[in-house]
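Here the structure is laid out as structure tokens; the discussion comes afterwards.
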Amino acid sequence: MTHGTNTDPSRCVELAGALGMLASDLLVIAGHPVPAELRPPERDLRVVREFTYRVTFCDHSQMAALKAFIHTLPAAVPHVAMLAEPLGMRGLHPDASRFATILRGLLHNRGLGPRELPFVVLSVSTIMGRLVRDRQNEHRWPTLSKLAGPLGWKFQDLIVVAGEPLTDRPRWEMHCHHVGQIYVAAIPLTTEQLIAAIKEADRLSGRPDQGAWRPASEGFAAECPDLTSPDPLQPQFFR
1 MTHGTNTDPS
11 RCVELAGALG
21 MLASDLLVIA
31 GHPVPAELRP
41 PERDLRVVRE
51 FTYRVTFCDH
61 SQMAALKAFI
71 HTLPAAVPHV
81 AMLAEPLGMR
91 GLHPDASRFA
101 TILRGLLHNR
111 GLGPRELPFV
121 VLSVSTIMGR
131 LVRDRQNEHR
141 WPTLSKLAGP
151 LGWKFQDLIV
161 VAGEPLTDRP
171 RWEMHCHHVG
181 QIYVAAIPLT
191 TEQLIAAIKE
201 ADRLSGRPDQ
211 GAWRPASEGF
221 AAECPDLTSP
231 DPLQPQFFR
């Protein structure tokens, strides 16, 4: 699946349904184009940034309530494709790994760029390095452990797709995959609907309005039951 377009797009969609994955993600992994209707509409990236930021202040019960709220919002009318790639992504390096292309596609599927991700204790330049070239070095494992959650992926699945061996090396998740699942639920939302979701996230979390001061959320990964399971590095999707 991770080595080219040898899997038919319709089969990818079928497999995604069976695995509980986004069809758009499996299409990206298989190297196929993603139809516009599977990606977000064009929307104000400033609002997207606010949304991804506010969600991180919700604990697990609040995230569940926010996800339910998002699902009550009416479906938007069919939309045209958004920008070819989210703003802020530079072109691929000539020596870029295949996973750099996959990682770009996973972000694109959610309408996110490096600056739309929540704070994960990584600089924009570090994230950009994974999106432009993705060099094989000692920083790859900890970087991907921080990016998996906002994508709605479990780290053990993302690391398998990245071609890294599963080991007992330390991981540094700040946000678990439940945060990313909120971003996934918000894929079809318009700018106006994202604003409504922001207000609901603030209501649920009780986050006070602090004006221009924007302290980062410390996340709730430590409370995630999936990160304390007996076999946390067993892949769910890719074996």
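Going by full-length UniProt numbering, the letters in the sequence shown line up with residues 1 to 239, in that order. Every residue, glycine too, gets a C-beta built ideally from N, C-alpha and C.
Practice item. Please name the residue in C12, C58, E14, L204 whose C-alpha comes closest to that of P118. Key: The residue among C12, C58, E14, L204 with its C-alpha nearest the C-alpha of P118 is C58.
Exercise for review: Within the same chain, show all residues whose beta-carbon is closer than 7 Å to that of H93, passing over the 5 residues directly before and after it, in chain order.
Suggested key: Closer than 7 Å at the Cβ level, and outside the excluded window around H93, lie V132, R133.
Review point. Which value, in whole angstroms, describes the spacing of the CA atoms of D202 and G211?
Key: C-alpha separation (whole angstroms): 14 Å.
Review point. Helix, strand or coil for N109 per DSSP?
Key: Reduced to three states, the DSSP call for N109 is helix.
**Study point:** Beta-carbon proximity list for L144, same chain, < 8 Å, skipping 5 on both sides
**Key:** By the criterion of a C-beta distance shorter than 8 Å, L144 is surrounded in its chain by R130, F155, L158, I159, A162, E164, once the five residues flanking it on both sides are discounted.
Exercise for review: Compute the distance between the beta-carbons of residue 246 and W153, then report whether it is under 7 Å.
Suggested key: Residue 246 falls outside the range modelled here, since the chain spans only 1 to 239, and no answer is possible.
Review point. Which residue's Cα is closest to the Cα of G105: G180, R39, C224?
Key: Sorting G180, R39, C224 by C-alpha distance to the C-alpha of G105 places R39 at the top.
Exercise for review: Inspect the beta-carbon positions of V47 and I102 and report whether they are closer than 7 Å.
Suggested key: The answer is no: Cβ separation not under 7 Å.
Review point. With distances taken from CA atoms, which of T7, E14, F69, S10 is nearest L204?
Key: Check the Cα spacing between L204 and each of T7, E14, F69, S10: the tightest is with F69.
Check your understanding: Helix, strand or coil: how does DSSP classify M174 here?
Key -> Of the three classes helix, strand and coil, the one that applies to M174 here is coil, per DSSP.
Practice item. Within its chain, find whatever has a CB closer than 8 Å to the CB of E223; leave out the 5 residues flanking it on each side and keep chain order. Key: Residues of the same chain with a CB within less than 8 Å of the CB of E223, apart from the 5 flanking positions on each side, are D59, H60 in chain order.
Review point. Pick from S97, N109, L107, P150: whose alpha carbon is nearest that of N137?
Key: With distances taken between Cα atoms, N137 lies closest to S97.
**Study point:** Rounded separation between I187 and T72 - CA only
**Key:** Cα to Cα, I187 sits roughly 14 Å from T72.
Check your understanding: Pick from L227, W213, E200: whose alpha carbon is nearest that of F51?
Key -> It is E200 whose Cα lies nearest to the Cα of F51.
Check your understanding: For P230, which residues of its own chain have a beta-carbon under 8 Å away from its beta-carbon, when the five flanking residues on both sides are left out?
Key -> Low per-residue confidence applies at P230: pLDDT is 45, beneath 50, and the placement is therefore not dependable, though the value from the model is reported in the following sentence. If we look at P230 and ignore the five residues flanking it on each side, it has no Cβ neighbours.
Check your understanding: Cβ atoms of T191 and R54: under 7 Å apart, would you say?
Key -> No. Outside cutoff.
Check your understanding: Terminal residues of the continuous alpha helix (DSSP H) containing D202?
Key -> Boundaries of the alpha helix (DSSP H) around D202: 191 to 205.
Point to revise | Test item: CB-CB of G149 and H175 under 7 Å | key: In this structure, H175 lies closer than 7 Å to G149 by Cβ.
Exercise for review: Would you give the residue range spanned by the alpha helix (DSSP H) that S10 belongs to?
Suggested key: Annotation: the continuous alpha helix (DSSP H) that includes S10 extends over 9 to 19.
Review point. Is S123 helix, strand or coil when you go by DSSP?
Key: If DSSP states are grouped into helix, strand and coil, S123 belongs with coil.
Check your understanding: Do you know how far the Cα of P225 is from the Cα of S123?
Key -> Note on geometry: alpha-carbon atoms of S123 and P225 lie some 28 Å from one another.
Review point. How big is the Cα-Cα spacing for T126 and P114?
Key: Note on geometry: alpha-carbon atoms of T126 and P114 lie some 9 Å from one another.
Review point. Which whole-angstrom value describes the C-beta separation of A18 and L26, a residue pair presumed to lie in contact below a C-beta threshold of 8 Å?
Key: 10 Å between Cβ atoms; not a contact.
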